[in-house]
Ligand SMILES: NC(=O)c1ccc[n+]([C@@H]2O[C@H](COP(=O)([O-])OP(=O)(O)OC[C@H]3O[C@@H](n4cnc5c(N)ncnc54)[C@H](O)[C@@H]3O)[C@@H](O)[C@H]2O)c1
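Residue numbers (the numbering used here): 2 to 277.
Shown next as structure tokens:
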């Protein structure tokens with residue numbers, strides 16, 4: 002049976018762990034060659050090794066998505082290593098929460114930079130390649146679709162108290178998606194969003210005491226008390242949090258040829274919770 006993404010080249014930011022890793026493994030299992038990115042080198046290299054061991058192709062581009070030259074660097078990595086670029090998944094991110102009266106400018110800027118400006122720069126860097134490739138394909142009488150999937154959140158669709166920075170950034174990602182879908186339609190690039198509800202990753206793990214992870218040099222509080230998870234699950238029509246594999250599935254369907262006529266949309270992957 003042919004694999005659905007055979008020969009495609011995908012960039013996935015923040016793919017050393019969690020949802021990004023799940024997307025990388027899924028796309029690779031369908032034949033895509035993957036550029037893995039993460040802040041942390043070790044998990045990024047582990048995912049590269051995992052894909053190669055399974056017979057796939059992957060390369061790491063380690064570093065912070067907020068670096069000014071990151072967009073150019075990751076696009077160049079895809080083109081230099083694999084000679085093509087077909088799919089971009091802007092996924093890297095974390096949360097740094099507080100109520101507005103206690104939120105610093107630094108806290109606001111850090112989250113907006115990571116979730117909104119970094120995807121903007123990656124996509125801006127990809128534009129010349131998308132333009133040239135689509136022009137050559139049009140001249141040859143071929144219609145080839147490329148895919149962008151930006152990762153948003155139900156904090157972006159509905160807002161979350163204590164996350165004014167994150168909710169704003171994730172809402173901004175949806176605006177960017179709609180604008181670029183219109184700008185890039187002539188280049189046959191589908192630009193869509195997936196807004197996740199609660200997905201089981203280290204950010205949402207069940208904890209019994211305060212837990213932090215280090216993101217970009219900061220100790221960020223993560224995890225949800227186990228009893229609150231049980232309560233929250235009651236509000237999810239499907240009755241539980243999503244798995245990383247289910248999250249990856251929502252991104253995957255927007256990378257398929259079957260979604261070629263879908264663009265500018267936000268797919269909510271929240272088990273039935275998290276709409277407007
Ligand atoms: N888990 C959820 O319930 C949930 C819900 C809605 C949206 N999201 C979004 O999904 C995306 C992935 O989150 P996750 O839950 O898989 O988290 P995760 O912490 O499990 O994985 C995120 C990965 O991104 C990397 N990363 C973070 N900041 C980075 C940066 N500046 N540059 C490069 N890499 C960076 C981390 O090192 C980590 O490996 C994020 O954009 C998050 O906001 C997650």
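A virtual CB, placed ideally from N, CA and C, is assigned to each residue, including glycine. As the structure is a computational prediction, the values presented were derived from the model and not from experiment.
Residue from the options whose Cα sits closest to the Cα of residue i
i	options	result
residue 103	216, 47 and 166	166
residue 139	106, 186, 170 and 177	186
residue 202	246, 275 and 217	246
residue 219	108, 197 and 83	108
residue 54	29, 207 and 68	29
residue 176	239, 222, 151 and 200	151
residue 24	272, 257, 248 and 274	248
residue 178	116, 135 and 160	116
residue 71	58, 127 and 52	127
residue 216	241, 48, 39 and 234	39
residue 5	253, 274, 231 and 243	253
residue 96	90, 52, 110 and 88	110
residue 188	238, 27 and 129	129
Beta-carbon contacts of residue i that lie in its chain and below 7 Å, excluding the five residues immediately before and after
i	result
residue 78	36, 60 and 62
residue 251	195, 268 and 270
residue 156	164, 167, 168 and 171
residue 3	none
residue 1	Because the chain is modelled from 2 through 277, residue 1 falls outside the range shown and cannot be assessed.
Own chain partners of residue i with C-beta closer than 6 Å, once the 5 adjacent residues on each side are dropped
i	result
residue 66	14, 93 and 119
residue 100	163
residue 85	10
residue 82	60
For residue i, the first and last residue of its enclosing beta strand (DSSP E)
i	result
residue 268	267-270
residue 222	219-223
residue 34	34-37
residue 213	212-216
residue 261	No beta strand (DSSP E) holds residue 261; DSSP gives it neither H nor E.
residue 196	190-197
residue 10	10-13
The alpha helix (DSSP H) enclosing residue i, as first and last residue numbers
i	result
residue 1	For residue 1 there is no data in the structure shown, the boundaries of the chain being 2 and 277.
residue 251	245-254
residue 25	19-30
Residue i Cβ short of 7 Å to ligand 1 heavy atom set
i	result
residue 39	yes
residue 113	no
residue 13	no
residue 203	yes
residue 154	yes
residue 216	yes
residue 199	yes
residue 267	no
residue 207	no
residue 18	yes
residue 253	no
residue 213	no
residue 95	yes
residue 191	no
residue 78	no
residue 21	yes
Cβ neighbours of residue i in the same chain (closer than 8 Å, five flanking residues each side left out)
i	result
residue 191	146, 147, 148, 149, 182, 255, 260, 261, 263 and 264
residue 206	212, 223, 224 and 225
ask   = Can you list, in chain order, the stretches of the alpha helix (DSSP H) that have 4 or more residues and sit fully within the region 42-111?
value = 42-54 and 71-83
message = I'd like the ranges of any beta strand (DSSP E) spanning at least 3 consecutive residues and lying wholly in the region 120-179.
response = 147-154
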